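Participant: All residue numbers in the sequence shown are consecutive under this note's numbering, ending with 1367. From the three backbone atoms N, C-alpha and C, an ideal C-beta is built for every residue, glycine too. The structure displayed is predicted, hence computed values, not measured ones.
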Amino acid sequence: MGLSFIIIENAELDYVVAEKLIRREIGDADIQTFLSANDAMKDIQAGAVKGSKPAIVLLDVMMPKYDGSWFVNAFEKLEESIQKDYFVVVLTSCMNQTELERLNSKKTVRMLFAKPINTEKLRAIVGEAKLEFGAE
């Protein structure tokens, strides 16, 4: 199964680390990065996201203007035919338990992890995504 990744992260160091980890663990995966949740949402809505589907979305919560919560709310308004192609994973350094519980209860948020992403977390994400999408 050819998974692709969408990294939505405004901190350059965090998305570079995530991208390098994916390259090391997955190999030649399709990876697209966005510095803004709004830009990612526009591309998803327009069907302009590159790479194969399904795609794993690694979503930062703490971003200026259009944050991860905004993205999840906008994503949940998309048609289910679009939603089914994405596996949304929230990555956060946010310590607000109420906000984390609210995000984790959203039907489109599949997993939630504290930053930073590491090999163990990436393997768990890929494993769950493959189970959900019925791949080996």
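With the cut-off set at 7 Å, would you say V1320 and L1362 are in Cβ contact?
Facilitator: no
Participant: What first and last residue would you give for the beta strand (DSSP E) that runs through T1329?
Facilitator: Careful: T1329 lies outside any beta strand (DSSP E), inside the alpha helix (DSSP H) at Q1328 to N1335.
Participant: Rounded to a whole number of angstroms, what is the C-alpha to C-alpha distance between I1257 and K1346?
Facilitator: 19 Å
Participant: Alpha carbons only, please: which of L1266, Y1246 and D1316 is nearest the one belonging to A1360?
Facilitator: D1316
Participant: What does the alpha-carbon distance come out to for the pair T1264 and I1238?
Facilitator: 5 Å
Participant: When DSSP labels each residue in this structure, what does D1261 get in the three-state scheme?
Facilitator: strand
Participant: Excluding five sequence neighbours on each side, which residues of the same chain lie with their C-beta closer than 7 Å to the C-beta of P1295?
Facilitator: So the qualifying residues of the chain are N1241.
Participant: In angstroms with no decimal places, state the Cα-to-Cα distance between D1181 and I1313.
Facilitator: Since the first residue of the chain shown is 1232 and the last is 1367, residue 1181 is not available in this structure.
Participant: Under the assumption that L1322 contacts I1348 (Cβ atoms under 8 Å), give the Cβ distance between them as a whole number of angstroms.
Facilitator: 6 Å
Participant: Quick one: Cα of S1267 to Cα of V1303, how far?
Facilitator: 13 Å
Participant: Go ahead and pull the three-state DSSP assignment for I1287.
Facilitator: In the structure shown, I1287 adopts extended strand secondary structure according to DSSP, grouped into three states.
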